[in-house]
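K.L.:
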Amino acid sequence: MIYLDNAATSWPKPELVYETLGSFLRHSGANPGRSGHRMAVSAAGTIDRTRARLAALFNAPAPERVIFTLNATDALNFALKGVLSAGDHAVSTMMEHNSVRRPLRAMEAQGVATTKVPANPEGFVSPDDIREALRPNTQLIALTHASNVNGALQPIADVAEIARDHGALLLVDGAQTAGTVQIDMAHLGIDLLAIPGHKALMGPPGTGALLLGDRVDLDELNTVREGGTGGNSEEDTQPRELPARYEAGTHNTVGIAALGAALDVLSDIGFDEAGQHELDMTFRLIEGLVGQEGVNVLNPNDTSRHVAVVSITVDGWEPAEFGATLDSAFDIACRTGLHCAPEACQALGAFPLGTIRLSPGYWTTPDEIDQAVHAVRELARAPLGMTT
Amino acid sequence: MSDTSRSRLHDNRYARQQIISSIGDAGQERLANARIAILGVGALGTHIADTLARAGVGSIRLIDRDVPELSNLQRQVLFDTDDVYNGIPKAAAAADRLARVNPDIRIETEIADINPTNVERLIEGVDLILDGSDNFELRYLLNDAAVKHRTPWIYGGAISTHGMTMTIRPEATPCLRCVFPDSPAPGDALTCDTAGVLSPAVAMVAAVQSTEAIKYLTGNLDALHGSLVMIDVWSLHMRSVELGHPEPECPACGARSFEFLDRQAPRQTTELCGSDSVQVLVHPAPQLSLDSLAKRLAAVGEVSHNPYLLRFQVNGYQMTVFPDGRAIVKGTTDSAEARTLYARYVGM
């Protein structure tokens, strides 16, 4: 199978990730931070190591400002519900995934006001539009780093400056960039960074993190769930210490250990090399498709402004049928439809049917890209006619 | 109506069948104590339910998830035009009708999609199951569940002008998989929606199934026909193949391995994001001839196809079928409805 659905989750995972999942569960599967026996201490050590690695990778102020979550959606929920309270205003954009769109919609019912900034037909959001959307009570700007529909990279540093000037926090959804684009929180001015562990970072599903910058005032941040943390058990309120404050309940120790292993592998490969390979495959794919009769590539023209996500539509084909044909006749796995980002599809002119998304990963080979290009071209020549 | 006259009515209700010596008062009593389930309340199911309710089977469970359509009325006897327009589920409409036909029996309704997760619950506590289903996926599932719980069932199927039936008593007779080890691949079997069905063909098969049920429930086991019976009501040709003994190698009743029951879903469905459609994926993937499927479907709706896919439109739905058996059903987000449409038009 040619796997071009790495934007959903990367596959395959490095061998060391598979091995760690098995060996960690077998040999170090104790509950970290809950007991003093050696296995529990060792489990806690593994989690702390992964935490420290993530803090270093994204230049977070301190390891304890890395909060482990279930995935990026969980991290985004945490950030949105942690920062915003009734009476606050938040700015988001049309390019956001449902992981931002839906929590914000739900919070409107609790008295949070929201403004959604449009995107241009290439999927870019303008910093000026964001500035204009600000209100005196704007507490948060939520922006995706790169679109999960067409890979468009947003001008994070410019928006960070606007946020800083206004005294608002900037939340960045790093679902499509963490592990493939360098993200220096301090340098870019990101206050809250939500990342998945299972995409470009090559970890297993069920891993993710929210990284808190030093402008995030812990006294202002609501806890979203409360529970056991292993310490201060006599208290009936959540402890103030990080990361325990935001990590109630038993960790996904095995997943976090395997994420740590994935980070080791990526660091051996070189983060820049891995990211560059994904981009090389992406450009090879786009080059093969641009200008083909019937194929519309929805990525930004400027290749320096997008990540390894390619969206296309093909004349005469519904995306869902096209994807099913790629799978059934060519053994190519991709994703079709709205990608949980309906307004982004609207901005790109691909609503309501959505797009065909092909997302290469580190393990994708040039030969696989060429086969995919061949398949798309062949199908583009055999449309059955749209009947919607 | 006074109690005395009602009781006289009761005395008379089954008089004409009680006179038959093989039934008699004892047989009638056994029928009154019997519990059956009818899986699928369509053409066969309504004929069987009507006959067995009138015959005085004490408890009848009707299981079906569909609502009647106008094209059902030609052969599905318990429904009328109002039921179609009011959208009353088949099981409920049939129960309502049967309660008026025979108020002395108990009718249960289960408006449910029958699948591996619920079939065992649906057949729990019955003495006999009658097959009123319209597809083989369901029959193999039913066979597994019935063999597993050692509950007898009566297979029946009708299409065009002919039909087939056999009575399965687990461990005493061959089961469905002893006779047909594998279910037909999608696209291979004809369906009523593609090949049509004549009402008397249904009535004929249902009559044999109902008679077998009465024989079984009244304890006339020696009178069961013991065959795979094939009848064509048009030519009036009938053929029956004696069944013999259960097949020791049979995966279901021999090895007691219940693949259809254990399989999470032989047809997995996925709701497709943003397109008002459901994808039906078939395991294991068959090799389907789009050419021959196109020929069969041409009589029913608008069909077009290329080497990669076949697109078919009927009743406001659009089905796109691929050579590996998968289909995208557009016009619904209900996976049970998508599976029903798949069974009807692609078939299994």
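Chains A and B, in that order, give the protein sequences. Counted the way the working numbering counts, the first sequence spans residues 1 to 388. Counted the way the working numbering counts, the second sequence spans residues 389 to 736. We treat Cβ as the ideally placed atom computed from N, Cα and C, and that holds for glycine.
What is the C-beta distance between L660 of chain B and Y733 of chain B, in whole angstroms, given that I count them as a contact (C-beta under 8 Å)?
P.N.:
The Cβ separation is near 18 Å, so there is no contact.
K.L.:
Quick one: which chain B residues come within Cβ less than 9 Å of A375 of chain A?
P.N.:
Under the 9 Å cutoff, chain B gives no residues; its nearest Cβ is about 10 Å from A375 of chain A.
K.L.:
What residues from chain A crowd round Y696 of chain B, counting only those whose CB sits closer than 8 Å?
P.N.:
T325, S328, A329, L379, A382
K.L.:
Taking Cβ-Cβ distances shorter than 8 Å, what residues in chain B pair up with G316 of chain A?
P.N.:
Here the premise fails: no neighbours, minimum Cβ distance about 10 Å.
K.L.:
How long is the line joining the alpha carbons of L486 of chain B and A443 of chain B, rounded to whole angstroms?
P.N.:
L486 of chain B and A443 of chain B: Cα-Cα distance of roughly 12 Å.
K.L.:
At what residue ranges does the segment 611 to 651 of chain B contain a whole run of the alpha helix (DSSP H), taking only runs of 4 or more?
P.N.:
647 to 650
K.L.:
Could you check the C-alpha separation between F524 of chain B and L211 of chain A for me, to the nearest Å?
P.N.:
54 Å
K.L.:
Comparing C-alpha positions only, which one of A:H166, A:H339, A:D5 sits nearest to A133 of chain A?
P.N.:
A:H166
K.L.:
Could you check which residue in B:I424, B:Q406, B:A425 has the C-alpha nearest to that of E417 of chain B?
P.N.:
The shortest C-alpha separation from E417 of chain B is found at B:Q406.
K.L.:
What does the alpha-carbon distance come out to for the pair V429 of chain B and K478 of chain B?
P.N.:
6 Å
K.L.:
Which residue spans inside the segment 245 to 329 of chain A form an unbroken alpha helix (DSSP H) run of at least 4?
P.N.:
253 to 269, 271 to 289
K.L.:
Starting from P588 of chain B, follow its DSSP beta bridges and name the residues at the other end.
P.N.:
Note: P588 of chain B sits in no beta bridge, so no partner.
K.L.:
For chain A, find out if any of its Cβ atoms is closer than 7 Å to the Cβ of T708 of chain B; answer yes or no.
P.N.:
yes
K.L.:
Are the beta-carbon atoms of A347 of chain A and M94 of chain A separated by less than 7 Å?
P.N.:
yes
K.L.:
CA-CA distance, I411 of chain B and L510 of chain B?
P.N.:
Distance between the alpha carbons of I411 of chain B and L510 of chain B is about 29 Å.
K.L.:
In its own chain, which residues sit with a C-beta less than 6 Å from the C-beta of G614 of chain B, not counting the 5 before and 5 after it?
P.N.:
L631
K.L.:
State yes or no: is the C-beta of T579 of chain B within less than 7 Å of the C-beta of V666 of chain B?
P.N.:
Judged by beta-carbon spacing, V666 of chain B lies beyond the 7 Å limit of T579 of chain B, meaning their Cβ atoms are not closer than that value.
K.L.:
Under 7 Å, do G544 of chain B and D515 of chain B count as touching if we go by C-beta distance?
P.N.:
No, the Cβ-Cβ distance between G544 of chain B and D515 of chain B is not below 7 Å.
K.L.:
State yes or no: is the C-beta of Y528 of chain B within less than 7 Å of the C-beta of F710 of chain B?
P.N.:
no
K.L.:
Answer yes if the segment 228 to 243 of chain A comes into contact with the segment 135 to 155 of chain A, meaning at least three C-beta pairs across the two stretches below 8 Å, and no otherwise.
P.N.:
no
K.L.:
So, is R105 of chain A buried or exposed, given that buried needs 16 or more other C-beta atoms within 10 angstroms?
P.N.:
exposed
K.L.:
Grouping DSSP H, G and I as helix and E and B as strand, with all else coil, what is D519 of chain B?
P.N.:
strand
K.L.:
When the cut-off is 7 Å and only beta carbons count, does G337 of chain A lie next to chain B?
P.N.:
yes
K.L.:
Applying a beta-carbon distance threshold of less than 7 Å, which residues of chain B neighbour E321 of chain A?
P.N.:
L697, T708, I716
K.L.:
Is the beta carbon of I499 of chain B closer than 7 Å to that of R453 of chain B?
P.N.:
yes
K.L.:
Which residue wins for smallest C-alpha separation from D88 of chain A, given the options A:T115, A:G228, A:A75?
P.N.:
Ranking A:T115, A:G228, A:A75 by Cα distance to D88 of chain A puts A:T115 first.
K.L.:
Tell me which residue opens and which closes the alpha helix (DSSP H) that I47 of chain A is part of.
P.N.:
38 to 57
K.L.:
What number of angstroms, rounded off, separates the C-alpha of C563 of chain B from the C-alpha of V465 of chain B?
P.N.:
29 Å
K.L.:
Please report the straight-line C-alpha distance between L25 of chain A and P319 of chain A, rounded to a whole angstrom.
P.N.:
If you take the alpha carbons of L25 of chain A and P319 of chain A, they lie about 41 Å apart.
K.L.:
Distance cutoff 7 Å, beta carbons only. Does D712 of chain B sit that close to anything in chain A?
P.N.:
Closer than 7 Å to some Cβ of chain A, the Cβ of D712 of chain B qualifies, so yes.
K.L.:
Please classify G430 of chain B: does DSSP put it in a helix, a strand, or coil?
P.N.:
coil
K.L.:
From this set, B:T728, B:K683, B:S645, which residue's C-alpha is nearest D362 of chain B's C-alpha?
P.N.:
Chain B is shown from 389 up to 736; residue 362 of chain B falls before or after that span and cannot be answered.
K.L.:
Which value, in whole angstroms, describes the spacing of the CA atoms of M386 of chain A and L698 of chain B?
P.N.:
Reliability of the predicted coordinates at M386 of chain A is poor, the pLDDT of 44 falling under 50, and the value obtained from them is presented with this limitation in mind. The straight-line gap from Cα to Cα measures roughly 13 Å.
K.L.:
What would DSSP say about M386 of chain A, mapped onto helix, strand or coil?
P.N.:
Residue placement at M386 of chain A is flagged as unreliable, the pLDDT there being 44, under the threshold of 50; the coordinate-derived value follows with that caveat. In the structure shown, M386 of chain A sits in coil (DSSP, three-state: anything other than H, G, I, E or B).
K.L.:
How would you list, in chain order, the residues of chain A whose beta-carbon sits under 9 Å from the beta-carbon of Q667 of chain B?
P.N.:
A320, A324
K.L.:
Taking the runs of the beta strand (DSSP E) that are 3 residues or longer, which of them lie wholly in the segment 189 to 246 of chain A?
P.N.:
192 to 196, 208 to 212
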